[in-house]
Every structure is written in structure tokens, then in C-alpha cells.
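Structure first, then comments.
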């Protein structure tokens, strides 16, 4: 098995900017404004994005302007190196990683991207202890050290507001589940993914399957845009379609993949592995 450095495995008419910018081309930024309608799901289902988003443009622009007064407008993205390929590991939270002993292999990568609350302490043998980037949204956020990039996937305008307030005076609003009022993170290492990129993943990669992509799948596609060699060590769900985490025993067998097209995402990952675009480690439970 071998990797290809500096490859693009898919043909794009116009590759979207994956990071949110203070100002930009209206055609690209209009997708970000649509998040203000209510949710990513409504944004993706809107027939006329320009009509749906026109009335909320000032609110969006003000919020983004406030955001970039606190966080870097041009965060440090992994730069190409001429002497070697940039290696990235996308580490999911699947129960398949339990007893996998992938830890040392994961830590060898230059970039290690983890999802949400995925813990390492006590599971170093299976998932490693290195983290360079952590992909989160407000409802899944955890405190970070000064060396870890916070990669925000914003699903609604309140997510921008949460990031602003939780990093400064404290967030007092409400969401569909409890969120941290304050978060510890290095403000210089905060990266906000453009919602247009999320829509692109849903349309181009998943063919509009499900309501929206899972965090893990979006993180994988993001890695394919910024890395030369990508390894992923997760499967989207267990064989029976249930979500599970390597740090806990699944007790609610009805906890399905829900709004995410889990099986479809898994098939896409397998295809990428078969085409040698990524290296896919499925974990112990898949091997049994």
C-alpha cells in the first residue's frame, strides 16, 4: 500500500474555501448567511438560497465581524513541505477502536484530528495521546490546551455567538442541550469552517443523503483538502447501525445514526481506501 502526495482525487469545478473569512465573494459567502434561517438542514433544503438569506445578511455580517475581532482572520493552516508529505490521522470515536492498539501508529502522524469529546487518557494504547486539531461544535465542546487547534463546525448563527462569548465574558444563551458557558482554548489557534464547505460535503460527496454529514465524515473530507497522506481510524457506526464510543459500553441499542447517512458515509470511506486515496483502519470489532 502506498500514498500519493499532493493529490486531488476528485474533480471540482470550483473548490470552496473551507475556512470562514470576514469578507469574500458573495456567491460563496451566501451559504454562510443561510445558517441564520435556523439550521444547516433548512439551509440544505432551501430551494432559493439567495431569497432565503437576503433578509438576514446584516446580522450575519455583524456577527462574523465580531468573531474576527477576537480570532485570527487567517489562521495557520498546515503548509506544504518539500522534503516530505504532510501526514494526517483522522481519529473517530467508534467503539471499534477499543483494544485496537493503534495508539503508537496514530501518534506518528504530523497532524492528529480528533472529534468532539473523544478522550485519550486511559486509552493511549488504542487511540494515542497526540492531538493537534479537535473538531467540535458548542454542544460537544471541551476545554483544550494551548497547543491544540479548535476547529468549529458551525450549524447555526448561535454557534458563532457562543464562540465569541464562551471565549470571553461567558455564554448565557440556551441550545437544544446544555453547552459550556466558558471554554479554555488558545484564541490564536481557533479555526471556523465555512458552512459552504459543509454544504459542499453534503451535496458533492454524499449526494444529499441524510439531513447533513456526520462530524467525523466532514473532518475526513477536510483532512483530504489540507493533507497529503490521510489515515482514518474510525468507522461511522457498528455493524448494526448503532453509535458507540470506545470509552463506554453501548447500552441503548436504539441509538441509531439518526440524521446522518452512516452506512453511505462508511461505503464512501471504503471506496476511498480501495482506490488508495486514504488508509482506513477499521478497528478490532470489524475484524472479528
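Numbering (the UniProt record's numbering), first residue to last: 1 to 288. All residues carry an ideal CB built from backbone N, CA and C; glycine is no exception.
Look up residue i in the DSSP assignment and say whether it is helix, strand or coil.
i	result
residue 190	strand
residue 141	coil
residue 281	coil
residue 84	coil
residue 155	coil
residue 259	coil
residue 233	strand
residue 115	strand
residue 109	coil
residue 90	strand
residue 150	strand
residue 225	helix
residue 177	coil
residue 133	strand
residue 220	helix
residue 36	Only weak support exists for where residue 36 lies, its pLDDT of 36 falling under 50; the value from the coordinates is given anyway. Helix.
residue 303	Residue 303 lies beyond the residue range present for the chain, which begins at 1 and ends at 288; the question has no answer from this structure.
residue 123	coil
residue 276	coil
residue 162	helix
residue 184	coil
residue 69	helix
residue 199	helix
residue 206	coil
residue 74	coil
residue 212	coil
residue 63	helix
residue 265	helix
residue 128	coil
residue 170	coil
Please go through the same chain and pick out, in chain order, the residues whose beta-carbon is closer than 7 angstroms to the beta-carbon of residue i, but skip the five residues on each side of it.
i	result
residue 164	66, 67 and 70
residue 170	181 and 182
residue 245	93 and 95
residue 117	140 and 142
residue 219	90, 113, 115 and 135
residue 202	44, 208, 212 and 213
residue 272	278
residue 175	138, 139 and 158
residue 247	119 and 123
residue 221	201 and 205
Quick check: residue i and residue j, are their CB atoms within less than 8 angstroms of each other?
i	j	result
residue 139	residue 177	yes
residue 151	residue 193	yes
residue 223	residue 59	no
residue 312	residue 111	There is no way to answer for residue 312, as the model of the chain reaches only from 1 to 288.
residue 260	residue 195	no
residue 63	residue 160	yes
residue 307	residue 269	Any answer about residue 307 is impossible in this case: the structure gives the chain only from 1 up to 288.
residue 115	residue 92	yes
residue 75	residue 190	yes
residue 209	residue 137	no
residue 188	residue 72	yes
residue 233	residue 97	yes
residue 231	residue 109	yes
residue 148	residue 132	yes
Sorted by chain position, which residues of the same chain lie with C-beta nearer than 8 angstroms to residue i's C-beta, five sequence neighbours on each side aside?
i	result
residue 168	70
residue 55	In this prediction, residue 55 scores a pLDDT of 49, lower than 50, which makes its location untrustworthy; the coordinate-derived value is nonetheless stated afterwards. Taken in chain order, the list of residues that qualify is empty.
Suppose the cutoff is 6 angstroms on Cβ atoms and the five residues either side in sequence are ignored; what does the same chain contact list for residue i look like?
i	result
residue 227	86 and 88
residue 122	none
Is there a Cβ of chain B sitting closer than 8 angstroms to that of residue i, yes or no?
i	result
residue 192	The displayed structure is made up of one protein chain only, and chain B is not part of it.
**Asked** Does the segment 97-104 come within contact of the segment 115-130, defined as at least 3 CB pairs closer than 8 angstroms?
**Response** Result yes; three or more Cβ-Cβ pairs closer than 8 angstroms.
**Request:** Decide if the segment 143-162 is in contact with the segment 265-280; the criterion is three or more beta carbon pairs, one per stretch, under 8 angstroms apart.
**Result:** Contact between the segment 143-162 and the segment 265-280 is absent: fewer than three C-beta pairs spanning the two stretches fall below 8 angstroms.
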